[in-house]
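Notes for the one structure printed next.
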Amino acid sequence: MKPAPFDYHAPATIEEAVGLLAELGEDAKAIAGGQSLAPMLALRLAAFDHLVDLRRVAGLRGIERRDGSLWIGAGTTQAAIERSAEVAEAVPLLARATPLIGHFQIRNRGTIGGSIAHADAAAEYPAVALALDARLEACSPRGRRTIPATGFFTGLWSTDLADDELLTGITFPVAGGRRGFAVEEYARRHGDFAMAGAAVAIELDDGARIRRCGIGLFGLGPAALRATAAESAATGSAAADASPGEVGRAAMAELDSVPSDLHGSAAYRRRVGAEMVARAWQKALQEASDG
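By the count of our numbering, the sequence shown reaches residue 295 at its end, each step adding exactly one.
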């Protein structure tokens, strides 16, 4: 099949892009790398009268240190993130999650902003943003605002962005001190969407107690989720007392709606999810303990 007919727009600036989205309303859709949206259009699972192509908007690309954090433009490709020594040093969890996204052809065109704004429940980047308390920058004709990752993902393929808002950048805290990071996922084949996965970030204090931890889950609900109850239970405990298996089981215990489909039942996904959390937790904790 081929996409339904649409009018094509190629703005050169962020202001021009958000102006088009505001003018055209719900009949318009922004497209970045197109690695998620284009197949949906081709299968006619989605149709829009207008597509606003963001590839020429230079202000959406780049990787920069800003005020002790790392800012990544929403239009930055996943391949650029994968190659970046700056990302590998400052935000290791993001660097480690990137090679798990599809295949290199996908990452050559796919963007970090496109993945996060698309909000696929099985995607890696939304879970990473949650685990790291990333801040998401949005722009509209009304101005700019910052949205915490914990309030950004609202449901299946839905976010807190308004119809005339554009995701322009993501800010991540820079890693430092006794911190560890790991991402684990289970997929039938490399490059397939994960049936269950976890992104974990752990910070230890000088007494080897858990000062902060973030557990982002993907493939285990209608959107990327954060295992807040499991995090709260582990925070403050000695690193040696935080059993990976118990953390994994606690993370699954707070899930309300785990998908069940031809790829696996909800019970199976819970078992796999608990194991993915446990593996990621153990690796992140070891890295943090090693300093």
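Built from N, CA and C at the ideal position, the CB exists for glycine as well.
In whole angstroms, what separates the C-alpha of residue i from that of residue j?
i	j	result
ILE76	LEU64	8 Å
ARG283	ALA191	15 Å
ALA36	ALA244	44 Å
LEU24	VAL61	13 Å
ILE110	LEU47	18 Å
VAL262	PRO15	40 Å
GLY201	LEU221	6 Å
VAL281	GLU27	44 Å
GLU291	THR81	28 Å
GLY252	ALA83	31 Å
PHE185	GLY240	18 Å
VAL187	ASP137	16 Å
ALA234	ALA126	20 Å
GLU141	ALA34	16 Å
GLY72	ALA179	10 Å
Let me know if residue i comes out buried or exposed under the rule of 16 or more other beta-carbons within 10 Å of its beta-carbon.
i	result
LEU266	exposed
LEU74	buried
GLY66	exposed
TYR322	Residue coverage of the chain in this structure runs from 5 to 295, which leaves residue 322 outside it and unanswerable.
ARG100	buried
SER40	buried
SER88	buried
THR102	buried
GLY268	buried
GLU68	exposed
LYS287	buried
PRO248	buried
ARG70	exposed
PRO43	exposed
In three-state terms, what does DSSP make of residue i?
i	result
LYS6	coil
ILE151	strand
HIS267	coil
GLU141	strand
HIS194	coil
VAL56	strand
SER293	helix
GLY159	strand
LEU306	The structure shown does not extend to residue 306, since the chain is modelled only from 5 to 295, so the question has no answer here.
LEU41	helix
ARG230	strand
LEU134	helix
LEU165	coil
ALA16	coil
ALA237	helix
Tell me residue i's beta-bridge partners as DSSP assigns them.
i	result
TRP75	GLU68 and THR175
ALA186	VAL204
PHE222	GLY201
THR115	THR81
ASP11	HIS54
ALA32	HIS54
ALA2	Since the displayed the chain opens at 5 and closes at 295, residue 2 lies outside it and no answer follows.
ARG273	Note: ARG273 sits in no beta bridge, so no partner.
LEU170	CYS143
| message | Quick check: the stretch 150 to 166 against the stretch 225 to 240, are at least 3 beta-carbon pairs closer than 8 Å? | response | yes
| request: Could you say if the stretch 121 to 128 and the stretch 160 to 170 meet the contact criterion of at least three C-beta pairs nearer than 8 Å? | output: yes
| Looking at C-beta atoms only, is the number of pairs between the stretch 94 to 107 and the stretch 45 to 57 that lie closer than 8 Å three or more? | no
| task | Pair every Cβ in the stretch 168 to 178 with every Cβ in the stretch 133 to 151, then say whether three or more of these pairs are closer than 8 Å. | result | yes
| request: Report yes or no: do three or more beta-carbon pairs, one from the stretch 108 to 120 and one from the stretch 205 to 217, lie closer than 8 Å? | output: no
| request: Assess, as a yes-or-no matter, whether the stretch 173 to 181 is touched by the stretch 193 to 200 under the definition of 3 or more beta carbon pairs within less than 8 Å. | output: no
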